[in-house]
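The structure appears below as structure tokens.
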Amino acid sequence: MAPERLSCMCESVIAFLRYVLQCTRIVLGIVVREEDLGNKNPSARVIVTNHVTWCDHVAVHIATGCVTPHTWELPTFLNWALGLKDLGLRQGRDMLLTSVRSHLNKSSSPVVLHPEAATTNGRVGLLRFSTWPFSIGAPVQPVALTVARPAVSDLSPSVLAAGCLVDMFWFLFVPYTTFTLKYLPVMQVEEGEGDDQFTVRVETAVATSLGIPRTCHTSADKTEHEKRYILEQTRPTMPQLSQYSGSPELQRMVRQVAEVLPYVPHDVILKDLVRSHSTDITISNILEGLVSYTPLTVPQTASATSSNGAASTSGTSTSSQASAYTQNACLDTSVPSFPRSAQERMMSFHERKARLIENARQKYIEKHQLKLAEFNC
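In full-length UniProt numbering, the protein residues as written are 1 to 377.
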């Protein structure tokens, strides 16, 4: 009676787990479609797919009965129902490989792995695959996975910088989510082929099936991108420049800076003036390279004042040209050689900065035909 009771208990447990899986499937609205079933090989022990959502393994588990490594803290019966198994993912790659090989030797259920190691939308490009799933030493069943939702709730299946709980939350508020599993021919390492070459071959097959290119980006690159995205979102935003564009005082200051530095766009000047509230500080920031911008193409001073110069005498024109030549020679900001010491470089920087300011001052005086006595008094 003992073996019969044990068999009945096992059947009851399996029925209960199937019930939990079906309930989870209904609650999350998961619909699984399979394509190219002729390529589906039950003898393949390792299944690799691209990674779109945190529920990818659930869809593959429903179709194949596979298990996947996990780090979630869930009740044991729920882990069994969802195909989650602790295979030493927290202990590092070596421990994970040992546990996966041990599972494949003891159990008949395959293992599904996501070599991308990070979720993407599956529409733009494929993250570079990690090589460890292809060093297990077993034939690999590649699967191209796509996720779709109805047009009335076409929400992205995974959101940047959002965790698994957030993505699952949105699973509850859409009518259903369709997972399409397209099976590719089983692949295995060829003679003389290394793990890297085998990884690239499988990655190319999955990318070709999805119709997207392979990329050189990794899951670590996505993590860094998420950090920068979160930092930009939490950084205090600058007030909109439109609310300052009508300020007469700021417009006056913009004109003053633009007269000294006519090659700098006005919106760049306004943006820095909103921070500094000082024309001198803004001019210094621009000259010191603290403000990035694309220089404007401005006409030469001589052409701008040609109409006034036509009325002057030839002697005055000759003397003004000579004066301008002398000023340009004096205000040359180039250096004959690169200074060796830091002190010399700092002195050279301050000298060139002073020459730039003086050069801008001279251009301002020439443009408005002012007398030097008015500035020296």
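Even glycine gets a Cβ: it sits at the ideal position worked out from N, Cα and C.
Contact under 8 Å by Cβ, residue 381 with L273: Given that the chain is displayed from residue 1 to residue 377, the structure contains no residue 381 and the question cannot be resolved.
Length of the line joining the Cα atoms of T199 and G88: For the purposes of this step, residue 199 is taken as the residue at position 199 of the sequence shown. For the purposes of this step, residue 88 is taken as the residue at position 88 of the sequence shown. One C-alpha to the other measures close to 22 Å.
Residue burial classification, V124 (beta-carbon count within 10 angstroms, cutoff 16): The residue you call residue 124 lines up with position 124 of the sequence shown. Looking at its Cβ environment, which holds fewer than 16 other Cβ atoms inside 10 Å, V124 is exposed.
K222 versus V166 - alpha carbon distance: Numbered from its first residue, the sequence shown carries residue 222 at position 222. Numbered from its first residue, the sequence shown carries residue 166 at position 166. When rounded, the distance between both Cα atoms is 18 Å.
Unbroken stretches of the beta strand (DSSP E), 3 residues or longer, contained in the region 96-141: 111-113
Whole-angstrom distance between T131 and L145, CA atom to CA atom: The residue given as residue 145 occupies position 145 in the sequence shown. The residue given as residue 131 occupies position 131 in the sequence shown. If I take the Cα positions, the gap works out to 19 Å.
Beta-bridge partners of Y183, as assigned by DSSP: Locating residue 183 in the sequence shown gives position 183, counting from the first residue. V143, per the DSSP bridge assignment.
Other residues of its chain near T64: CB distance less than 7 Å, five sequence neighbours each side excluded: For this step, residue 64 is matched to residue 64 along the sequence shown. If we look at T64 and ignore the five residues flanking it on each side, its Cβ neighbours are I47 and P110.
P139 to D195 span [Cα, whole Å]: Residue 139 sits at position 139 when you count from the first residue of the sequence shown. Residue 195 sits at position 195 when you count from the first residue of the sequence shown. Spanning the two alpha carbons is a distance of roughly 13 Å.
C-beta atoms of L184 and S156 nearer than 8 Å: Translated into the one-based positions of the sequence shown, residue 184 becomes position 184. Translated into the one-based positions of the sequence shown, residue 156 becomes position 156. Going by C-beta atoms, L184 is not nearer than 8 Å to S156.
8 Å contact criterion, which P133 and L113 should meet: CB distance rounded: As a working note, residue 133 is residue 133 in the sequence shown. As a working note, residue 113 is residue 113 in the sequence shown. Between L113 and P133 the Cβ distance is about 4 Å, and since that is below 8 Å, they are a contact.
Segment contact flag, the region 24-42 with the region 176-183, C-beta cutoff 8 Å, min 3 pairs: yes
Exposure label - K40; buried when at least 16 CB within 10 Å: The residue labelled residue 40 in the question sits at position 40 within the sequence shown. Buried, by the Cβ-count rule.
Residue range of the beta strand (DSSP E) that includes R33: Looking up residue 33 in the sequence shown gives position 33. I30 to E35 is the span of the beta strand (DSSP E), which, as asked, contains R33.
Option in S108, W54, N121 and I212 with minimal Cα separation from F171: Here residue 171 refers to the residue found at position 171 when the sequence shown is read from its first residue. The candidate whose alpha carbon is nearest that of F171 is W54.
Which of helix, strand or coil DSSP assigns to V48: One-based indexing of the sequence shown puts residue 48 at position 48. V48 falls in the strand class under three-state DSSP.
Counted within 10 angstroms of its Cβ, other Cβ atoms place L192 as buried (16 or more) or exposed: Residue 192 sits at position 192 when you count from the first residue of the sequence shown. At residue 192 the sequence reads Gly, which differs from the Leu that was named. It counts as exposed.
Reduced DSSP secondary structure (H/G/I, E/B, other) of R90: One-based indexing of the sequence shown puts residue 90 at position 90. In this structure, R90 counts as helix in the three-state DSSP scheme.
Segment limits, alpha helix (DSSP H) that includes D196: Within the sequence shown, the letter at position 196 stands for residue 196. That run of the alpha helix (DSSP H) goes D195 to L210.
Residue of D267, E190, I357 and F169 minimising C-alpha distance to V27: Along the sequence shown, read from residue 1 onward, the residue named residue 27 stands at position 27. The option with the nearest alpha carbon to V27 is F169.
Alpha helix (DSSP H) runs contained entirely in the region 241-281, provided each spans 4 or more residues: 248-260 and 266-276
CB of V100 within 8 Å of CB of G83, strictly: On the sequence shown, position 100 is the one that residue 100 refers to. On the sequence shown, position 83 is the one that residue 83 refers to. Taking 8 Å as the Cβ cut-off, V100 and G83 do not qualify as a contacting pair.
Alpha carbon of H51 to alpha carbon of S158, nearest angstrom: In the sequence shown, counting from the first residue as 1, residue 51 sits at position 51. In the sequence shown, counting from the first residue as 1, residue 158 sits at position 158. In a straight line, the C-alpha of H51 is about 10 Å away from that of S158.
Simplified DSSP assignment, three categories, for T24: Your numbering for residue 24 matches position 24 in the sequence shown. T24 falls in the helix class under three-state DSSP.
Whole-angstrom distance between P265 and S135, CA atom to CA atom: As a first step, residue 135 is located in the sequence shown; it is residue number 135 there, counting from the start. As a first step, residue 265 is located in the sequence shown; it is residue number 265 there, counting from the start. Whole-angstrom Cα-Cα distance: 57 Å.
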